[in-house]
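A quick write-up on the structure given underneath.
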Amino acid sequence: KPGIVQAVSSFLYHQGANITALDQYATEAQGGRYFMRVEFELDHLQSRKDALIQTFAANVAERYGMQWRLAFVNDIKKVGILVSKVDHALLELLWRHARGSLPCEITHVISNHEDLREAVENFGIPFTVIKVTKDNKAE
């Protein structure tokens, strides 16, 4: 719908926010889905978070029929890791995570081989193997 960028930008402006990045695209020029990602800074955001969400929902999202969410930089991100047989990059990530220098929650490791199961499970992280065969391998 025309006006979405202006509505979101104007809302943030009136809240006192400074937009630091904005990316957007549509799946089709007419009738497709529209995606927009906005990064912004706003003083005292943590204490204003609930009011900001409610106000945006009522004044912007509802008017444009948006499916939306607001993510905060301080929120811990959930991460899944895909790995094959080589362990060096995986182990580096797991060590950093265990030391607290990788700010995320590693929820799962998925591989097409059993080789790294023990190493991953020693970190207390679930490990799943998804076998690749000639029947399920994409061309």
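As numbered in full-length UniProt numbering, residues 1 to 139 make up the sequence shown, in order.
Just so you know, even glycine gets a beta-carbon here, dropped at the ideal spot from N, CA and C.
Excluding the 5 residues preceding and the 5 following residue i in the sequence, name in chain order all residues of the same chain whose CB lies nearer than 7 Å to its CB.
i           : result
Q15         : L42, L52
V83         : L90, V109, S111, L116
A119        : D87, L91
I130        : I110, N112
residue 142 : Because the chain in this structure spans residues 1 to 139, residue 142 falls outside the shown range and cannot be described.
Suppose you measure from the CA of residue i to the CA of residue j; what does that come to, to the nearest Å?
i    : j   : result
E105 : F40 : 24 Å
F11  : F72 : 17 Å
V79  : E28 : 30 Å
Q54  : D23 : 23 Å
N18  : F56 : 16 Å
H26  : W68 : Per the sequence shown, the amino acid found at residue 26 is Ala instead of His. Distance between the alpha carbons of A26 and W68 is about 15 Å.
For a test of the three-state rule: what should DSSP assign to residue i, helix, strand or coil?
i    : result
A21  : strand
E105 : strand
V120 : helix
L90  : helix
Using a Cβ-Cβ cut-off of 8 Å (strictly less than) and excluding sequence neighbours within five positions of residue i, which residues of its own chain qualify?
i   : result
I76 : P103, C104, E105
L45 : L52, F72
V60 : A7, V8, F11, M66
Using the beta-carbon count (16 or more within 10 Å), is residue i buried or exposed?
i   : result
I81 : buried
L70 : exposed
V8  : buried
With a CB to CB cut of under 6 Å and the five nearest residues on each side skipped, what residues in its chain are close to residue i?
i    : result
G124 : none
F35  : Y25
Exercise for the section: Taking only runs that begin and end inside the UniProt domain "ACT" (1-68), name each unbroken beta strand (DSSP E) of 3 or more residues, in chain order. Expected result: As far as the UniProt domain "ACT" (1-68) is concerned, its whole beta strand (DSSP E) runs of at least 3 residues are 18-26, 34-41.
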